[in-house]
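Worksheet: the structure to be examined is printed underneath.
In our numbering, the protein residues as written are 318 to 432.
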């Protein structure tokens, strides 16, 4: 479940109220510091994010806008913010969109089939 927490954060951007993730300090020592990488990416799209040593909090629904996301080469961050852009109807430019091939080479094709 720890690897899915950036997506949980993205879902929180669309939820009513505050989504809080705590007890997830392990996210700081993954392929990237996923807490900080998530927070920077969400802020780049206009979201308010508070970070903790062991997690983050987002308040939704966020008013997201087009923006550029630095993934840190982390495929989970790339996929989560691609989903965010699609859900919000905004353009999200990823610094490394090809990093998703590590875990889901058909990700872009799969999204094309989603309305």
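Beta carbons: idealized from backbone N, C-alpha and C, even for Gly. Please read these numbers as outputs of a predicted model, since none were measured by experiment.
- Comparing C-alpha distances from residue 421 to each of 359, 340 and 394 shows the shortest one belongs to 394.
- Counting C-beta atoms within 10 angstroms of its own C-beta, residue 430 has fewer than 16 neighbours from the protein chains shown and is therefore classed as exposed.
- Boundaries around residue 368 are those of the beta strand (DSSP E), 366–369, since no alpha helix (DSSP H) includes it.
- Per the C-alpha coordinates, the member of 334, 385 and 392 positioned closest to residue 351 is 392.
- In the DSSP assignment, residue 373 is bridged to 338 and 368.
- Taking the Cα positions, residue 355 is about 17 angstroms away from residue 408.
- For the options 346, 345 and 326, the alpha carbon positioned closest to that of residue 360 is the one of 326.
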